[in-house]
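Novice:
Residue numbers (my numbering), protein chains in the order written: chain P, 76 to 151; chain Z, 7 to 170.
1) How about residue 94 of chain P: is its C-beta nearer than 9 Å to some C-beta of chain Z?
2) Where residue 126 of chain P and residue 113 of chain P are concerned, what is the direct C-alpha to C-alpha distance, given to the nearest angstrom?
3) So, are the CB atoms of residue 104 of chain Z and residue 90 of chain Z less than 9 Å apart?
4) Of all Cβ atoms in chain P, is any one closer than 9 Å to the Cβ of residue 96 of chain Z?
5) Could you tell me the distance, in whole angstroms, from the CA atom of residue 69 of chain Z to the CA atom of residue 105 of chain P?
6) Using a C-beta cutoff of 9 Å, does residue 22 of chain Z count as contacting chain P?
7) Around the C-beta of residue 77 of chain Z, are 16 or more other C-beta atoms found within 10 angstroms, so that it is buried, or is it exposed?
8) Three or more beta-carbon pairs under 8 Å between the segment 20-38 of chain Z and the segment 47-56 of chain Z, yes or no?
9) Please tell me whether residue 117 of chain P has its Cβ less than 9 Å away from any Cβ of chain Z.
10) Helix, strand or coil for residue 158 of chain Z, going by three-state DSSP, please let me know.
11) For the beta strand (DSSP E) that residue 145 of chain Z lies in, which residues bound it at each end?
12) From the DSSP secondary-structure annotation, give me the bridge partner or partners of residue 82 of chain Z.
13) Relative to the C-alpha of residue 29 of chain Z, which candidate in P:97, P:145 and P:150 has its C-alpha closest?
14) I'd like to know if the segment 148-165 of chain Z and the segment 81-95 of chain Z are in contact, where contact means that at least 3 CB-CB pairs between them fall below 8 Å.
15) Work out the CA separation of residue 93 of chain P and residue 102 of chain Z for me, nearest whole Å.
16) Taking all protein chains shown into account, do 16 or more other C-beta atoms lie within 10 angstroms of the C-beta of residue 170 of chain Z, making it buried, or fewer, making it exposed?
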């Protein structure tokens, strides 16, 4: 395997690991918000939705990065 | 610039490229899951906006004389679909709670010997005094039914979800 090809894979693996971490945070956020909502605390829903949206955007950004690296490497 | 057709992006004839395709598809799956989590959070937010603050009626639920010390009575409040339990733990000590376990909504029942509520589904226990969780999987206390006594008659006047 060419070194650049391997570098590309390492970059994608790093991005995947970051996406997975962000996803775990989002899962925790959703369960905590639901638990809090069922306990009658509605005020937590808005900040939680904003935070979850930002995390989803970050995941999407990382996905674009993965797609970019993938296209770049496969063109070679 | 002309883009490759989709099939060429998804199916590579080179085995080295296969690793890229697999990782990209996995990344797409994770991002879609992330979007799902966001939609879930939005759903909670919208539900909170749409749900009106409930107005609880004043309703007679029992006569004081009909419940012995250590006894309990079932009733429904605020609607017929909300089972509740009233317990008398002392001469003047009365408490009422929602009968739905806060874990998975099984009916809790009163254990006189240990002065607590038990959920038989997953062995969740709640204090009979204040409805707090003593043991088991539930995370939240039992919603407390607010009571008012007028003479010999007991009235339900509201619901306290139990967390400040």
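Quick reminder that beta carbons are idealized off the backbone N, C-alpha and C, glycines included. Keep in mind the model is a prediction, meaning the values are calculated, not measured.
Specialist: Reading from the atomic positions:
1) For the purposes of this step, residue 94 of chain P is taken as residue 19 along the first chain, with counting starting at 1. Output row for residue 94 of chain P: interface = yes.
2) One-based indexing of the first chain puts residue 126 of chain P at position 51. One-based indexing of the first chain puts residue 113 of chain P at position 38. Spanning the two alpha carbons is a distance of roughly 19 Å.
3) Working through the second chain from its first residue, we reach residue 104 of chain Z at position 98. Working through the second chain from its first residue, we reach residue 90 of chain Z at position 84. Yes, these two residues count as a Cβ contact at 9 Å.
4) Within the second chain, residue 96 of chain Z is the residue found at index 90, counting from 1. Residue 96 of chain Z does not count as touching chain P.
5) In the second chain, the residue the question calls residue 69 of chain Z occupies position 63. In the first chain, the residue the question calls residue 105 of chain P occupies position 30. Looking at the two C-alpha atoms, the distance is approximately 44 Å.
6) What you label residue 22 of chain Z is simply residue 16 of the second chain in a count that begins at 1. By this cut-off, residue 22 of chain Z is an interface position.
7) Sequence index remark: in the second chain, residue 77 of chain Z carries index 71 (1-based). Result: exposed.
8) no
9) Position 42 of the first chain, counting from 1, holds the residue named residue 117 of chain P. Yes, residue 117 of chain P counts as interfacial toward chain Z.
10) The residue labelled residue 158 of chain Z in the question sits at position 152 within the second chain. Residue state, collapsed to three classes: coil.
11) For the purposes of this step, residue 145 of chain Z is taken as the residue at position 139 of the second chain. Run containing residue 145 of chain Z: none; DSSP gives neither H nor E here.
12) In the second chain, the residue the question calls residue 82 of chain Z occupies position 76. Residue 82 of chain Z pairs with Z:89.
13) Sequence index remark: in the second chain, residue 29 of chain Z carries index 23 (1-based). Out of P:97, P:145 and P:150, P:145 has the C-alpha closest to the C-alpha of residue 29 of chain Z.
14) yes
15) On the second chain, residue 102 of chain Z is found 96 positions in, with the first residue counted as 1. On the first chain, residue 93 of chain P is found 18 positions in, with the first residue counted as 1. Cα-Cα distance, rounded: 48 Å.
16) To locate residue 170 of chain Z, count along the second chain from 1; it is residue 164. Here the model assigns residue 170 of chain Z a pLDDT of 47, short of 50, so the residue's position is not dependable, and the following value carries that caveat. So residue 170 of chain Z counts as exposed.
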